[in-house]
Each structure stands twice: as structure tokens, then as C-alpha cells.
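Structure first, commentary second.
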Amino acid sequence: MDDDGFEATLYRPEEDRYPGRVLIFVGGSDGTYDLPKIVAQAYADAGMTGLALAYWNQPGLPRAISRVPLEYVGKAATRLRSLGYAKVGAWGISMGSLLALLCGAYLPELVSCVIAVSPGDVCTQAMTRGKALPGSAFSFRGKDLPWMPLDYHKGRVVRDFIRGGSLSMRSCYVHKDQAPADAFIPVEKIEGPVLLQTPESDSMWPSRESCDAMMARLDAAGFAYPHECVSYKYASHFLVPAKLRSARLFRIERRHPEECWESDWKSLADALQFVGECW
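Per our numbering: the sequence shown = residues 2 to 280.
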């Protein structure tokens with residue numbers, strides 16, 4: 002589908018249990034296109050049409066999450082509309098959750114449902130693997146979206162991994178409370194249901210705290226659409242129905258592999274139930 006200005010793969014179910022609806026799947030800072038493909042396929046196997054969308058680290062695409070235009074996702078949503086899908090939603094994990102939430106907030110006419118997994122609630126500065134870059138991670142109408150600086154130090158990340166036994170970028174967010182107010186994602190501008198899914202204790206970054214903040218923000222705004230946060234006791238940052246080698250970087254995955262695997266698949270079932278009932 003790259004002739005339409007984006008790189009994506011469409012997954013259609015044998016039996017469409019959610020007619021007229023489709024989810025766009027975007028991955029995170031790991032930079033692999035495989036993850037959204039695997040998750041989109043799992044959703045398709047369960048009856049939901051999905052479009053796995055690459056937005057960086059692929060041939061012809063940016064080599065970093067740097068000033069990624071929300072309009073790129075908008076192109077994919079517009080193409081899906083032309084294929085007959087009346088409702089287009091966005092599913093994103095980790096840094097991809099920021100992209101999904103931002104698209105819901107800034108492109109509500111195109112994205113009418115958001116599922117954010119292990120999410121953040123603030124737009125950060127640009128990054129690539131193991132390195133922070135100048136400017137915002139995302140842009141809209143040719144301008145950087147307001148962003149929060151990352152307090153990234155590779156040595157500290159390595160130290161925290163050795164001490165805690167899990168990959169952790171939490172130290173990058175120690176000054177989150179000092180982030181510019183306009184860097185926080187205006188989730189109340191989303192015009193459709195919002196589902197947040199988070200590990201109960203995410204060693205990677207403060208996703209549970211971000212979920213709580215977003216739910217409070219939605220409630221304070223009198224958000225008119227269904228919105229829910231579901232947390233999973235046994236789960237890592239990679240809360241997806243996929244066997245990932247990198248999941249072994251998280252201690253909870255090594256100690257409770259079966260329980261985490263159950264949570265991974267429950268997250269899919271919970272999301273589909275939410276889609277079926279609320280969208």
C-alpha cells in the first residue's frame with residue numbers, strides 16, 4: 002500500500018466480526034515493523050480487520066522517531082475509509098501509544114477510537130534507539146508538537162537494568178512533573194471511546210501512572226465517550242499477544258511466563274470486547 006504514501010500491510014479476517022471497523026496498529030521505539038504485523042494478525046484471527054503501519058526505521062521512512070507527522074497516519078485512515086470502512090481506530094504500544102492518542106486528539110474526523118497499550122501521556126522529544134534527539138517526536142501541520150525533554154543517560158539505564166533485573170527507562174522521566182503543560186496529550190479532544198491497557202507495574206516507563214492521569218483528565222473534562230483503564234498484574238511492557246524474545250528483558254516475564262502469556266491474550270480479548278460494546 003506504499004503507493005498511497007505510507008508503508009502498511011492489511012490483515013482481513015476470514016469472518017469479519019466487526020464489520021465497518023478497522024484498527025491501525027503502530028509499534029514503539031524498538032523500531033521493528035514485525036510487532037504491529039504480529040498483533041494485527043492476531044486481531045484478524047479473532048475477527049477484527051487491522052492495518053499494520055510502519056512509521057519509522059524502514060526503507061524510505063525516517064531513521065528515528067523525530068517529527069513524525071500525524072498526517073502520515075491520517076493518510077492511512079483516509080485510504081481505509083475509501084475501502085469502505087466507516088470507522089477507523091488506532092492501536093499503539095509504548096511510543097506508538099503516543100502516536101495513537103495524538104492522532105485521536107488531533108485527527109478526530111479520521112480516528113474515532115484509541116487503544117493505548119503500556120501508554121504514556123506526554124509527547125516527548127525525538128529519539129532513536131538509545132539516543133535522544135533535538136525537537137519533538139511528533140509534528141502536526143508542519144510544526145513540532147509541544148514536547149517534554151528526556152533525561153536520558155545510557156549509563157544510568159544500564160545501571161538500573163543490572164540493579165533491577167529489568168529493562169527500564171523510568172529514569173528518563175524523573176522530571177516529568179516539570180514538563181510543559183501543553184506537552185501532555187489533550188486526550189479530552191478525542192471523539193470516540195478510549196481504552197488504556199497497562200501492566201500493574203511497568204518497569205519500562207510509568208505507564209500505570211500515565212493511565213491514571215489520563216483517566217482523571219478525561220473525567221475532569223466530562224468526556225462523553227466510553228473510557229476505561231485495565232491493568233494486568235502479571236504483565237510486562239510488551240503487553241501483546243506475541244512471543245517476543247525481548248520480553249525476557251523483563252524480570253516478571255522470566256519469573257511468571259505463563260501468567261504473563263495469559264495476560265497478553267486477555268488484553269486482546271478485553272480490547273475486542275471493548276470495541277464490540279463501545280465502538
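For every residue, glycine included, the Cβ atom is placed at its ideal position computed from N, Cα and C.
Rounded straight-line distance, which links the Cα of residue j to that of residue i
{"i": "SER211", "j": "SER140", "result": "21 Å"}
{"i": "LEU84", "j": "ILE39", "result": "22 Å"}
{"i": "LEU81", "j": "GLY51", "result": "10 Å"}
{"i": "PHE224", "j": "PRO109", "result": "14 Å"}
{"i": "PRO135", "j": "GLN126", "result": "7 Å"}
{"i": "GLU15", "j": "PRO63", "result": "34 Å"}
{"i": "ALA272", "j": "ILE116", "result": "8 Å"}
{"i": "LEU250", "j": "TRP206", "result": "14 Å"}
{"i": "PHE281", "j": "ASP4", "result": "The structure shown does not extend to residue 281, since the chain is modelled only from 2 to 280, so the question has no answer here."}
{"i": "GLY277", "j": "GLU263", "result": "21 Å"}
{"i": "GLY143", "j": "PHE26", "result": "23 Å"}
{"i": "LEU219", "j": "ASP178", "result": "19 Å"}
{"i": "TYR19", "j": "GLU259", "result": "29 Å"}
{"i": "VAL159", "j": "ALA248", "result": "17 Å"}
{"i": "CYS124", "j": "ALA221", "result": "20 Å"}
{"i": "ARG157", "j": "LEU54", "result": "32 Å"}
Of the residues the options, the one placed nearest residue i, counting alpha carbons only
{"i": "VAL195", "options": "ALA180, ALA217 and ARG64", "result": "ALA217"}
{"i": "VAL175", "options": "GLY165, LEU168 and PRO150", "result": "PRO150"}
{"i": "MET128", "options": "PHE7, PRO120 and TRP148", "result": "TRP148"}
{"i": "ASP122", "options": "THR79, ALA133 and ASP183", "result": "ASP183"}
{"i": "ASP31", "options": "ARG246, SER208 and ALA222", "result": "ARG246"}
{"i": "LYS234", "options": "ARG164, PHE26 and ARG256", "result": "ARG256"}
{"i": "PHE239", "options": "GLU229, MET215, SER208 and ALA222", "result": "SER208"}
{"i": "VAL241", "options": "ALA270, MET215 and GLU229", "result": "ALA270"}
{"i": "PHE275", "options": "LEU219, GLU229 and ARG160", "result": "GLU229"}
C-beta atoms of residue i and residue j nearer than 7 Å
{"i": "TYR44", "j": "TYR56", "result": "no"}
{"i": "ALA236", "j": "PRO200", "result": "yes"}
{"i": "SER204", "j": "SER169", "result": "yes"}
{"i": "TYR86", "j": "GLN59", "result": "no"}
{"i": "GLY28", "j": "GLY90", "result": "no"}
{"i": "TRP92", "j": "LEU24", "result": "yes"}
{"i": "LEU99", "j": "ALA78", "result": "no"}
{"i": "ARG252", "j": "SER167", "result": "yes"}
{"i": "GLY193", "j": "SER268", "result": "no"}
{"i": "CYS104", "j": "LEU146", "result": "no"}
{"i": "ALA102", "j": "VAL188", "result": "Residue identity check: residue 102 is Leu in the sequence provided, not Ala. Yes. Within cutoff."}
{"i": "ILE66", "j": "ALA133", "result": "no"}
Where the alpha helix (DSSP H) containing residue i begins and where it ends
{"i": "ALA38", "result": "Just to set this straight, residue 38 is Lys in the shown sequence, not Ala. Per DSSP, LYS38 belongs to the alpha helix (DSSP H) from 35-46."}
{"i": "LEU1", "result": "Any property of residue 1 remains undetermined from this structure, which presents the chain solely from 2 to 280."}
{"i": "VAL325", "result": "As shown, the chain starts at 2 and ends at 280. That puts residue 325 outside it, with no answer to give."}
{"i": "GLN274", "result": "258-279"}
{"i": "THR283", "result": "Limits of the chain in this structure are 2 at one end and 280 at the other, which puts residue 283 out of reach."}
{"i": "ALA106", "result": "96-107"}
{"i": "LEU219", "result": "208-221"}
Same chain only: Cβ atoms within 7 Å of residue i, ignoring 5 sequence neighbours per side
{"i": "GLY131", "result": "LYS155"}
{"i": "ARG13", "result": "ALA45 and THR50"}
{"i": "GLY21", "result": "TYR86, ALA87 and LYS88"}
{"i": "ASP17", "result": "GLY48 and THR50"}
{"i": "CYS282", "result": "Since the first residue shown for the chain is 2 and the last is 280, residue 282 is missing from the structure and cannot be characterised."}
{"i": "CYS261", "result": "TYR235, ALA236, SER237, ILE253 and GLU254"}
{"i": "PHE162", "result": "LEU168 and SER169"}
Beta carbon proximity, residue i to chain C, threshold 7 Å
{"i": "ARG246", "result": "Of the chains in the structure shown, none is chain C; there is only one protein chain."}
Cβ neighbours of residue i in the same chain (closer than 8 Å, five flanking residues each side left out)
{"i": "ALA243", "result": "LEU36, ILE39, VAL40, ALA43 and ASP265"}
{"i": "ASP152", "result": "SER172, CYS173, TYR174, VAL175 and HIS176"}
{"i": "GLY165", "result": "SER204 and ARG252"}
{"i": "LYS76", "result": "ASP5, GLY6 and PHE7"}
{"i": "VAL69", "result": "TYR56, TRP57, PRO63, LEU100, ALA138, PHE139 and SER140"}
{"i": "ASP213", "result": "CYS230"}
Boundaries of the beta strand (DSSP E) in which residue i is found, first to last residue
{"i": "GLU8", "result": "8-12"}
{"i": "ILE116", "result": "115-118"}
{"i": "MET128", "result": "126-129"}
{"i": "GLU229", "result": "228-233"}
{"i": "PHE139", "result": "139-141"}
{"i": "ILE25", "result": "22-27"}
{"i": "GLY51", "result": "50-55"}
Same chain, Cβ closer than 6 Å to residue i, five either side skipped, listed in chain order
{"i": "LYS190", "result": "ALA106"}
{"i": "ILE94", "result": "GLY29, VAL118 and SER119"}
{"i": "LEU11", "result": "LEU52"}
heavy atom of the ligand FAD below 6 Å from residue i C-beta
{"i": "ALA47", "result": "For the structure depicted, the ligand FAD is absent and the ligand set is empty, with no information on it obtainable."}
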